[in-house]
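Asker:
Residue numbers (the working numbering): -13 to 226.
#1: Name the one or two DSSP bridge partners that residue 18 has.
#2: Can you tell which of 40, 111, 215, 168 has its C-alpha closest to the C-alpha of residue 97?
#3: Just to check, is the beta-carbon of residue 35 closer than 7 Å to a non-hydrogen atom of the ligand HEM?
#4: Output the distance between the C-alpha atoms of residue 217 and residue 16, rounded to the nearest integer angstrom.
#5: Could you say if the segment 51 to 69 and the segment 173 to 183 meet the contact criterion of at least three C-beta pairs nearer than 8 Å?
#6: Among the candidates 14, 21, 42, whose CA atom is the shortest distance from the CA of residue 191?
#7: Consult DSSP for residue 92 and reduce its assignment to one of helix, strand or coil.
#8: Indicate the three-state DSSP secondary structure (helix, strand or coil) for residue 32 in the structure shown.
#9: In three-state DSSP terms, what is residue 196?
#10: Would a C-beta distance cut-off of 8 Å place residue 84 and residue 104 closer than the cut-off?
#11: Just the C-alpha distance for residue 82 and residue 127, rounded to the nearest angstrom, thanks.
#12: If you drop the 5 nearest sequence neighbours on each side, which residues of the same chain put their C-beta closer than 8 Å to that of residue 198?
#13: Under 8 Å between the Cβ atoms of residue 100 and residue 33?
#14: Consult DSSP for residue 184 and reduce its assignment to one of helix, strand or coil.
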């Protein structure tokens, strides 16, 4: 049984170049490892390639709270710290694409139209030219995300994701639903405090939103800002 598991992991490692996962979250000046993301084991941290699987929601079938939630006020900033594992000795490439952050009520278990996109970052202009969000994560090791103001207090899942577009140039979705973009996803349990009363804006189903996105051919090396239509549409919290 152990040998079979090793064989499966080895084959998967050769088919994907790396696995990026969240290893800590917290205040910008003091991210903590005390708030373990879901999943919290290495073997569950391979990127999701099957958009028909519930793993796409949080990359794990276990949606229970495994640690204490990170407490933060509505309107505050959370630092999400990433780690990238090299899975293949034949490639040193990293995930290549945008990132996004979502919230869903903890009571929902992430099922159905409960996820609201609170932030997305595609291509950013730098002194060296345009670069994908993933490039900043690789350089700095983190991204900061702002929790919207006015959200009702309570427990929520914070879903953090890097979408690797490098695989989205092969077979079409209709030929093979595992070909296409690869999704590096983790969820953390957070507790939002404050006196807000607002529900999450424009919630969607992760599984429905991503199936439509996944079946489109993408050419990330030639894309410009605005070319990529992200899963679930624009964030309802984006500045107008």
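Built from N, CA and C at the ideal position, the CB exists for glycine as well.
Answerer: Based on what the coordinates show:
#1: 11
#2: 40
#3: Ligands displayed in this structure: none; no statement on the ligand HEM is therefore possible.
#4: 31 Å
#5: yes
#6: 42
#7: helix
#8: In the structure shown, residue 32 sits in coil (DSSP, three-state: anything other than H, G, I, E or B).
#9: helix
#10: no
#11: 14 Å
#12: 217
#13: no
#14: Looking at residue 184 - three-state DSSP - the assignment turns out to be strand.
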